[in-house]
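Residue numbers (the working numbering): 9 to 280.
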């Protein structure tokens, strides 16, 4: 079975295999995973579109116009403005449409990242946007990952964020389960290629001026925690696939649950 593909992002997301994004949905509740799979075209938010645009500008600038189209400025409430926009849309095809303001912001972010010598070195050259597939050795499930970049022996991921400071990005690491991503990609790349990566690096850049950039190497303890969480999520996938029960928040039997105020509220009330 071929394990490495230079397919498109759309082909990757619509194709077979459990991804890190799938694990995230299973972690919330299996019902969300099942809905996303049954309704694949309903989930792209403005934030996701902006992030995808920035990735393309930084990682594959020469390919930008193949995937994105920048909408012209103009007042669509006027006849001339509406006609100009309609003429533009007739040329778009299946490309994603972004505003001129977002495009210009994305270019400023790109410029800021590329003025960081280490970030530029990590994000230039190497292998970009390649899909890797493998069968999990424990469950037999077909899995997949698509690193932004493999370069200098490392798997590298570019993240736009509100706070690229060490403390701020650590919160994002937990909130968005980036530690699971690091573990999943390290495991998948090695399983598909037979090559053990030197490690996993995040290049984090803020979305507001001055677009501060930071580079973080994920430590082994964090990867181990991510690997454990990924295994638990994959077990959930296997159990739901076998039972056909893609349950919500109440567990397999949709049990009623008790609920409490957040711990910090209770502690504050006790102190009062």
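Every residue, glycine too, gets a C-beta built ideally from N, C-alpha and C. It should be emphasised that the depicted structure is a prediction, and the values quoted were computed from it without experimental measurement.
Among the options, nearest to residue i - alpha-carbon criterion
i	options	result
residue 198	174, 162 and 188	162
residue 134	178, 159, 101 and 126	159
residue 138	145, 123 and 165	165
residue 244	202, 117, 181 and 149	149
residue 58	39, 78 and 46	78
residue 19	140, 69 and 229	140
residue 179	212, 124 and 143	212
residue 196	238, 105, 132 and 15	238
Span separating the alpha-carbon of residue i from that of residue j
i	j	result
residue 276	residue 260	34 Å
residue 200	residue 11	6 Å
residue 190	residue 207	9 Å
residue 279	residue 266	24 Å
residue 21	residue 227	28 Å
residue 268	residue 175	28 Å
residue 193	residue 154	8 Å
residue 32	residue 246	15 Å
Paired residues, beta bridge with residue i - DSSP
i	result
residue 207	162
residue 135	158
residue 152	141
residue 169	214
residue 14	Answer is none; residue 14 lacks a bridge partner.
residue 222	212
Residue i and residue j closer than 8 Å at C-beta
i	j	result
residue 256	residue 264	no
residue 30	residue 41	yes
residue 26	residue 115	no
residue 81	residue 108	yes
residue 131	residue 66	yes
Contact belief for residue i with residue j at Cβ below 8 Å, rounded distance in angstroms
i	j	result
residue 215	residue 168	5 Å
residue 124	residue 221	5 Å
residue 28	residue 188	6 Å
Residue i at chain C interface by Cβ criterion, 8 Å
i	result
residue 152	No chain C appears in this structure, which consists of one protein chain only.
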